[in-house]
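Following: one structure in structure tokens, then a few remarks.
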Amino acid sequence: MTQDLIRHQLRTRARELVPILRERASDAARQGRLPEETLADFHEAGFFRILQPARWQGLELEPKDFFDVQMTLAEGCMSSAWVLGVVAIHNWQLALFDDRAAQDVWGQDSSVLISSSYMPVGKVERVDGGFRLSGRWGFSSGSRHCQWAFLGALVPPEQPGGAPDYRTFLVPRSDYQILDNWEVMGLEATGSHDVLVEGAFVPEYRTHRAADGFMQQSPGNDVNSAPLYRLPFGQIFVRAVSSAAIGALQGAVDQFIAHNRTRVAVNDGRKMLQDPAAQGALANAMVCADDCRTVLLRNFELMLDSAQAGTPLDMQGRVKMRYDSALVADRCAKAVAELMFNSGAATIFREHPINRAFRDIHTGRAHVANNPAKYAWNLGGVSMGQDSTDFFL
Numbered sequence: 008m009t010q011d012l013i014r015h016q017l018r019t020r021a022r023e024l025v026p027i028l029r030e031r032a033s034d035a036a037r038q039g040r041l042p043e044e045t046l047a048d049f050h051e052a053g054f055f056r057i058l059q060p061a062r063w064q065g066l067e068l069e070p071k072d073f074f075d076v077q078m079t080l081a082e083g084c085m086s087s088a089w090v091l092g093v094v095a096i097h098n099w100q101l102a103l104f105d106d107r108a109a110q111d112v113w114g115q116d117s118s119v120l121i122s123s124s125y126m127p128v129g130k131v132e133r134v135d136g137g138f139r140l141s142g143r144w145g146f147s148s149g150s151r152h153c154q155w156a157f158l159g160a161l162v163p164p165e166q167p168g169g170a171p172d173y174r175t176f177l178v179p180r181s182d183y184q185i186l187d188n189w190e191v192m193g194l195e196a197t198g199s200h201d202v203l204v205e206g207a208f209v210p211e212y213r214t215h216r217a218a219d220g221f222m223q224q225s226p227g228n229d230v231n232s233a234p235l236y237r238l239p240f241g242q243i244f245v246r247a248v249s250s251a252a253i254g255a256l257q258g259a260v261d262q263f264i265a266h267n268r269t270r271v272a273v274n275d276g277r278k279m280l281q282d283p284a285a286q287g288a289l290a291n292a293m294v295c296a297d298d299c300r301t302v303l304l305r306n307f308e309l310m311l312d313s314a315q316a317g318t319p320l321d322m323q324g325r326v327k328m329r330y331d332s333a334l335v336a337d338r339c340a341k342a343v344a345e346l347m348f349n350s351g352a353a354t355i356f357r358e359h360p361i362n363r364a365f366r367d368i369h370t371g372r373a374h375v376a377n378n379p380a381k382y383a384w385n386l387g388g389v390s391m392g393q394d395s396t397d398f399f400l
């Protein structure tokens, strides 16, 4: 089967699932996790394998293929798309680790999934052969569906005065507890619970240095040599937590049109299709979704071209792309708010699809990677000659 045919099948299946996910959204929110049917659909369609190495039965396609699927699914349920985005990206990151880590996770079953929390809150002690890890991490999306977790921590310097070394630690389900505390206003079905680790041993090879990801020279590149795995980790992960907002906004646009095309205002008898405020809100939301999608695809094309040519991305380009990603949820939150405010009182009910999109997008906006202010400052500073203050790029 050609890659073009695989891409077509992935996109077709994602589009078919949009109305199904919309129907499941309320039940998923009540459960606080993805329904088993949705998880099965994603596995069967191959969505989790899009960026997974071919040597582990993955499809090894391009980021644009993956994020196109994620954005499409978010039109039906942003929570479902968010979990897919965050969890499936880990199948890409695992390819950056020493290959022994992938053997630990996928040696018996290449469909095993990994959750994460990259908060640098872990306490790390150097021990023979690796590290002793403890801590409590928040916001581990899809954790109930996963058998391993990526957890962030700063490794103390080996020599006094040295700089700490940020790493991702790979920990099996037997070494951590999931603390059920996900009671939120939106993205309820992501099940982004806390994770607790108490003195787990993590061998050296089950860690990944952020510096290696930044330099695009990771241990896993010895066996996973495709340009896909030489993209900067910081640029990949942040899109997993911003791009679902684009699809959710597009879904809200479609619902807004369906809801208001024939609606007549009760109070003054005015047709909504003739309301300038409603027309303007719709136009702005449509352009916002299109702009965000276009920039995302353009940036990944630039990154992949650079990786294929073996030319590292320059700092200015990385900082700009990082800011592009951080802007997405903020722009989408403002656009969906205008759609909601111009759809009448019916949208205040929680089950209304525009209300759900409003809550989900605003909840996603709260993710630290989706706060554009500090990334704007960094881009402005770098553009005027200042050193970058951010290296998650």
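By the count of my numbering, the sequence shown reaches residue 400 at its end, each step adding exactly one. Every residue, glycine too, gets a C-beta built ideally from N, C-alpha and C. Since the model is a prediction, treat every value here as computed from it, not as a measurement.
Closest Cα partner of residue i within the set the options
i: residue 265; options: 181, 201 and 289; result: 289
i: residue 194; options: 204, 147 and 226; result: 147
i: residue 91; options: 246, 296, 142 and 357; result: 246
i: residue 88; options: 160, 286, 45 and 381; result: 45
i: residue 180; options: 95, 162, 150 and 163; result: 150
i: residue 309; options: 243, 269 and 338; result: 243
i: residue 189; options: 168, 145, 219 and 152; result: 145
Same chain, Cβ closer than 6 Å to residue i, five either side skipped, listed in chain order
i: residue 262; result: 360 and 361
i: residue 85; result: 251, 255 and 367
i: residue 248; result: 374 and 376
i: residue 64; result: 117
Cβ-Cβ distance between residue i and residue j below 7 Å
i: residue 328; j: residue 306; result: yes
i: residue 199; j: residue 77; result: no
i: residue 99; j: residue 41; result: no
i: residue 62; j: residue 212; result: no
i: residue 21; j: residue 66; result: no
i: residue 172; j: residue 186; result: no
i: residue 331; j: residue 375; result: no
i: residue 231; j: residue 102; result: yes
i: residue 140; j: residue 204; result: yes
i: residue 234; j: residue 315; result: yes
i: residue 105; j: residue 226; result: yes
i: residue 114; j: residue 128; result: no
i: residue 207; j: residue 178; result: yes
i: residue 386; j: residue 325; result: no
i: residue 336; j: residue 363; result: no
Coil, strand or helix - residue i by DSSP
i: residue 40; result: coil
i: residue 141; result: strand
i: residue 321; result: coil
i: residue 215; result: strand
i: residue 173; result: strand
i: residue 133; result: strand
i: residue 30; result: helix
i: residue 155; result: strand
i: residue 183; result: coil
i: residue 397; result: coil
i: residue 348; result: helix
Any non-hydrogen atom of the ligand NAD within 6 Å of residue i CB
i: residue 79; result: Inclusion of the ligand NAD in the displayed structure is not the case, the ligand content being empty and no account of it being possible.
Own chain, CB closer than 8 Å to residue i, minus 5 neighbours either side, in chain order
i: residue 292; result: 256, 259, 260, 263, 342, 343, 345 and 346
i: residue 192; result: 366, 369 and 370
i: residue 353; result: 266 and 359
i: residue 228; result: 103, 236 and 237
Segment contact, 8 Å Cβ cut-off, at least three pairs: the stretch 64-75 with the stretch 388-398 | no
Using 8 Å as the threshold, is the stretch 17-35 in touch with the stretch 128-136, meaning 3 or more CB pairs across them?
-> no
May I ask you to verify whether the stretch 148-165 touches the stretch 117-126, counting CB pairs closer than 8 Å and requiring at least 3?
-> Cβ pair count under 8 Å is three or more, so yes.
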